[in-house]
Amino acid sequence: MQDKPLVTYEDKVKPIRIARKGSTGSLSIKKLMDPEDTGSISGIVLIAESTPNQEPITPHAHRDVEESMYVITGHGKAILGSTIENMKTFPIRPGACIYIPADYYHIIEGEGEEQMKLVISYFPTDKRGKSHREIATELTNVPLQDEYQR
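The sequence shown: position 13 = 13 (this note's numbering), numbered continuously.
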């Protein structure tokens, strides 16, 4: 029997502040769907919000995990590439959907005074049942420094 929620509401989810070591930037995330919290087998859906005019989080890549981001509010740029040396910049605004292949380096930079709000989904290619906590701490190059480690 399912003992974890099948429906979650953003306003009922406690935010978690995450940051990468070596970066002053951070994000507030709310896990709407995650194997730890909702019993999802592999799907993960988050709401992420950045603070305007802050330094972005360090470029990073997730091993064996595809990612998508949908921009709800804010303008900025998505910087993506198979290596840090060949990252390309794409302008983003509300309504943009960003696809990030597994093992691709990425960074999202907000511009202006408006808060950037994103819906982020992870699609593990071989991480069935792993939570956001596990995926986020298995980065290819940047350790996680956040409330998960407390």
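The C-beta atom is built at its ideal place from N, Cα and C for all residues, glycine as well.
The structure displayed is predicted, hence computed values, not measured ones.
- No Cβ-Cβ contact shorter than 8 Å links residue 57 with residue 102.
- Note: residue 73 is bridge-paired with 117 in the DSSP secondary-structure output.
- For residue 91, the enclosing beta strand (DSSP E) has its first and last residue at 88-92.
- With a threshold of 16 other beta carbon atoms within 10 Å, residue 85 falls short and is exposed.
- Between the beta-carbon of residue 118 and that of residue 71 there is about 6 Å, and that keeps the pair under the 8 Å contact cut.
- Going by DSSP, residue 98 is part of the beta strand (DSSP E) stretching over 97-100.
- Residue pairing by DSSP places residue 104 opposite no residue, since no beta bridge is assigned to it.
- Secondary structure of residue 4 (DSSP, three-state): coil.
- Residue pairing by DSSP places residue 63 in no beta bridge whatsoever.
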